[in-house]
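Peer 1: Have a look at this one before I ask anything.
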Amino acid sequence: MSQLENTLFNLKFTAKSLARQAKKAQKDEGTEKSRLKKGPFLTQSITLRWGSAHHYAQALQQGNNDGARIYAANAIRKKNEALNLLRLSSKVDAVASRVETAVTMKQMTGNMASVVKGMDKAMDHMNLERISLVMDKFESQFSDLDVQNVLHGRGDGKHYRGLYTTRRSRCSDEADCRGGEY
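Residue numbers (our numbering): 29 to 210.
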């Protein structure tokens, strides 16, 4: 496994880990909100920064403003933490996507180089059958690259459709296209 592939794995792992931490922070936020709702605070409502009203009058009646504020501050802090973790997870995931594209392109570049060498050899000997096979391999690998881009949401398949229609237009009948392979 190359260093680029190791980096890709680590980025994907980190993005998932951050997403899990964000989910945990959201759960903790809910816990803090429920402490406000369930706690010893039940008759008066106060609107907190996130816009929802919570009843914690008993604490206020007992003069426990600080206790109610602590629960509210904890809930707000956990919500902000969850949002920040989600943002970071999204950014790391975007970087992982770019690295994945680089890994794919690196693999395809190697494959394309070998195909071009094969094309050079076939052209030197002017062996039409070998040239046809090498071109078919080239089209196949190019199609694989385009399919990978479509699957990863980075392409629309235009290259593949273009090769398909070009190949079909060169064929006069199904026998020329090896029985409709394309």
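Beta carbons are placed, not taken as given, at the ideal position from N, Cα and C, and that holds for glycine. Bear in mind the structure is a predicted one, so any value in this text is a computation, not a measurement.
Work out the CA separation of residue 176 and residue 31 for me, nearest whole Å.
Peer 2: 21 Å
Peer 1: Could you give the first and the last residue of the continuous alpha helix (DSSP H) run that contains residue 151?
Peer 2: Taken as a continuous stretch (DSSP letters only), the alpha helix (DSSP H) holding residue 151 covers 93-153.
Peer 1: Let me confirm a value: residue 149 is counted as buried when at least 16 other C-beta atoms fall within 10 Å, else exposed. Which label applies?
Peer 2: exposed
Peer 1: Assuming the contact rule is C-beta atoms closer than 8 Å, residue 131 and residue 46 should be a hit. Round their C-beta distance to whole Å, please.
Peer 2: Actually they are not in contact, since the Cβ atoms of residue 131 and residue 46 sit about 21 Å apart, beyond 8 Å.
Peer 1: According to DSSP, simplified to helix, strand and coil, what is residue 30?
Peer 2: coil
Peer 1: Using CA atoms only, rank isn't needed, just tell me which of 122, 102, 52, 172 is closest to residue 135.
Peer 2: 172
Peer 1: Would you mind stating whether residue 40 and residue 124 have Cβ atoms separated by less than 8 Å?
Peer 2: yes
Peer 1: Which residue from 105, 114, 153, 161 puts its Cα closest to that of residue 44?
Peer 2: 114
Peer 1: Are the CB atoms of residue 103 and residue 60 within a distance shorter than 8 Å?
Peer 2: yes
Peer 1: Taking Cβ to Cβ, would you say residue 106 is nearer than 8 Å to residue 167?
Peer 2: no
Peer 1: With 16 as the cutoff for other CB atoms within 10 Å, does residue 152 come out buried or exposed?
Peer 2: exposed
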